[in-house]
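So, in structure tokens, the structure goes:
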């Protein structure tokens, strides 16, 4: 049984590796808010232009209209005064100001639902996700299926050797992997700082 606050907003975080269904779950929750007649707004970082500039789109092509923004301040600029639910996809691409915004919105009675990678391609905490996870009332950690062995996968493995942390891509750039298969690909990461 999930208890929901009656007199305040709250924060829901959906996290996990690529191909675990995070965006699909985000879309499902936001569509339910729409069906309930709640005023909702959806945001995503502009740099995620893989499928559509003006929609949150999952790998299985489910989608929901959204506003592409370059940062947290732009989310603030677009917020309607009577918004009841705010959805944010690819939260790992925002800065630490995202937690402050989410806390403010929840304090004003808004339900905030966001999805993002909790770990980057090296297995390190990604962007503002750690602080969002500890601030959230509800956390859903989703798992994918390891493409190498079929076990539950909690890691995103980068196929290319591009060293930049942010590299937007899909199955052409990334694979979901279990712990063993992930570290088989990156033997040095088990010794690196997390």
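In the numbering used here, the protein residues as written are 35 to 228.
All C-beta atoms, glycine included, are put in the ideal place defined by N, C-alpha and C.
- Counting other Cβ atoms within 10 Å of its Cβ, residue 142 stays below 16 and is therefore classed as exposed.
- Here the alpha carbons of residue 41 and residue 182 stand approximately 47 Å from one another.
- The beta carbons of residue 113 and residue 47 sit no closer together than 8 Å.
- Along the region 95-169, the beta strand (DSSP E) occurs as fully enclosed runs of 3 or more residues at 97-99, 101-103, 119-122 and 145-151, listed in sequence order.
- In the displayed model, residue 77 falls within a strand according to three-state DSSP.
- The secondary-structure analysis by DSSP pairs residue 190 across a beta bridge with 210.
- Bridge partners of residue 175 according to DSSP: 49.
- Rounded to whole angstroms, the separation of the alpha carbons of residue 68 and residue 133 is 24 Å.
- Here the alpha carbon of residue 122 sits roughly 8 Å from the alpha carbon of residue 60.
- Looking at the backbone, the Cα of residue 103 and that of residue 79 are separated by about 5 Å.
- Looking at the backbone, the Cα of residue 206 and that of residue 71 are separated by about 38 Å.
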